[in-house]
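Report on the structure given below.
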Amino acid sequence: MATKATPAKKAPAAPAPRVAAAKKAASSNGKADTAKAAQAADIDAPVRPVDRNQPLVQPILNQQKNAPAPLQKYGTVAQRLPIGLSEQVRQESVTMLNQLLADTITLRDMYKKHHWQVVGPTFYQLHLLYDKHYEEQSELVDTIAERIQILGGVAIAMAADVAELTSIPRPPKDREEAPVQVSRLLEAHQIMLKNCHDFAKRADDSGDDGTNDLVVSDVMRANEMQVWFVSEHVVNTPLAKAD
Ligand SMILES: [Fe+2]
38 MATKATPAKK APAAPAPRVA AAKKAASSNG KADTAKAAQA ADIDAPVRPV DRNQPLVQPI
98 LNQQKNAPAP LQKYGTVAQR LPIGLSEQVR QESVTMLNQL LADTITLRDM YKKHHWQVVG
158 PTFYQLHLLY DKHYEEQSEL VDTIAERIQI LGGVAIAMAA DVAELTSIPR PPKDREEAPV
218 QVSRLLEAHQ IMLKNCHDFA KRADDSGDDG TNDLVVSDVM RANEMQVWFV SEHVVNTPLA
278 KAD
């Protein structure tokens, strides 16, 4: 266990600068721990202008520690851009798109996990294919998230929040055989595609043509294509000699 550093001696007030005082305190007893503590205290100390006649060119840090209320709560469609859609329609689309976003982020990350962990005779094929699909899913993530913002919503973003929302089962941390990897990916694609059919229909019914187009033209088409490329790897065909 690391020894807890002793706090730095309090630096004298003006005219001696804080940094110099902290360094002096550290060097007077010669202990490395004290020097580290002095440096840490200096980094976290409030910044004040040394010369009142000079502008302070210091960024205002740590504002997240005393943040005001958020600009917009997740789950609302507070912003109304002039795109000809009612709040009710935008709210419904944002809810659907956040589900699609959480699932796409999860599938994207599953592709990267499998890109790293794949093993066996098809290593090179799958290693490259998984990364290609990862990049394509990354583009979809951005497209979906930006559509949510256009509709006035708040896009889900962070891993912990995504994990709570996604409908794709969590894979183990362990390394798995290639056919098991493929099966997990196909299961995830199918969950996404079922949602795509449902969401596209609902967006069409409500008159949100932009969301309908995104779900069909971007998300559905890309996922169907990836299903084809991945599925063919688990068809049991002879490798060297015809049956
Ligand atoms: Fe890589």
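Take 38 as the starting number for the sequence shown in this note's numbering and just add one per residue. Beta carbons are placed, not taken as given, at the ideal position from N, Cα and C, and that holds for glycine.
Spatial neighbours of residue i within its chain, please: C-beta separation below 6 Å, excluding the five flanking residues on both sides.
{"i": "V56", "result": "Caution applies to V56, whose pLDDT of 46 falls short of 50 and renders its modelled position unreliable; the value that the coordinates give is listed next. Excluding residues within five positions, the ones whose Cβ falls inside 6 Å are D79."}
{"i": "R117", "result": "G189"}
{"i": "L108", "result": "none"}
{"i": "H270", "result": "V219"}
Name the residue from the options whose alpha carbon lies nearest to the alpha carbon of residue i.
{"i": "G157", "options": "S243, E213, V191 and D168", "result": "E213"}
{"i": "R184", "options": "A279, V94, N249 and H151", "result": "N249"}
{"i": "K231", "options": "P208, R117 and L137", "result": "L137"}
{"i": "M229", "options": "Q116, K238 and N260", "result": "N260"}
{"i": "V272", "options": "G112, M147, L134 and T159", "result": "T159"}
{"i": "V253", "options": "R239, Q101 and A115", "result": "R239"}
{"i": "A139", "options": "A192, F266, M262 and K110", "result": "A192"}
{"i": "I142", "options": "L222, S175 and D235", "result": "S175"}
{"i": "V256", "options": "L144, P209 and L98", "result": "L144"}
{"i": "D146", "options": "P105, T132, D235 and D168", "result": "D168"}
{"i": "S2", "options": "F266, L251, E269 and A277", "result": "Outside the displayed range of the chain (38 to 280) lies residue 2, so it cannot be described from this structure."}
{"i": "A237", "options": "D211, L276 and T132", "result": "T132"}
{"i": "Q227", "options": "W265, P209, K210 and M195", "result": "W265"}
On the DSSP letters alone, give me the boundaries of the alpha helix (DSSP H) that residue i sits inside.
{"i": "S175", "result": "F160 to I187"}
{"i": "R127", "result": "E124 to Q154"}
{"i": "E261", "result": "R258 to S268"}
{"i": "V217", "result": "A215 to S243"}
{"i": "L73", "result": "One detail in the question is off: residue 73 reads as Lys in this sequence, not Leu. Where K73 is concerned, the enclosing alpha helix (DSSP H) stretches over A69 to D81."}
{"i": "G247", "result": "D246 to D250"}
Residue i by DSSP, collapsed to three states: which one?
{"i": "S204", "result": "coil"}
{"i": "K46", "result": "Since pLDDT at K46 reaches only 43, below the 50 mark, its modelled position is unreliable, and the value read off the structure follows with that caveat. Reduced to three states, the DSSP call for K46 is coil."}
{"i": "A63", "result": "Here A63 scores only 48 on pLDDT, less than 50, and its place in the model should not be relied on; the value that follows carries that caveat. Residue state, collapsed to three classes: helix."}
{"i": "A58", "result": "Any reading at A58 needs caution, since the residue's pLDDT is 49, under 50, leaving its predicted position unreliable; the model's value is listed next. The answer is helix: DSSP assigns A58 an H, G or I state."}
{"i": "T113", "result": "coil"}
{"i": "T274", "result": "coil"}
{"i": "K210", "result": "coil"}
{"i": "V191", "result": "coil"}
{"i": "Q95", "result": "coil"}
{"i": "A197", "result": "helix"}
{"i": "N103", "result": "helix"}
{"i": "D280", "result": "coil"}
{"i": "L118", "result": "coil"}
Please return the same chain residues whose Cβ sits closer than 7 Å to the Cβ of residue i, not counting the five positions on each side in sequence.
{"i": "Q128", "result": "V114"}
{"i": "Q101", "result": "none"}
Go through its chain and collect everything with a Cβ distance to residue i's Cβ below 8 Å, but skip five positions before and after it.
{"i": "E173", "result": "A259 and Q263"}
{"i": "H164", "result": "H152 and V155"}
{"i": "S268", "result": "V219 and L223"}
Check whether the Cβ of residue i lies closer than 7 Å to any heavy atom of ligand 3, and answer yes or no.
{"i": "H234", "result": "Looking for ligand 3 in the displayed structure turns up nothing; the ligands present are ligand 1."}
Counting pairs of Cβ atoms below 8 Å between the segment 197-217 and the segment 236-249, do you hit three or more?
Because the criterion of three Cβ pairs below 8 Å is not met, the segment 197-217 and the segment 236-249 do not touch.
Meets three-Cβ-pair contact criterion under 8 Å: the segment 218-227 and the segment 142-161:
Enough Cβ pairs lie closer than 8 Å, so yes.
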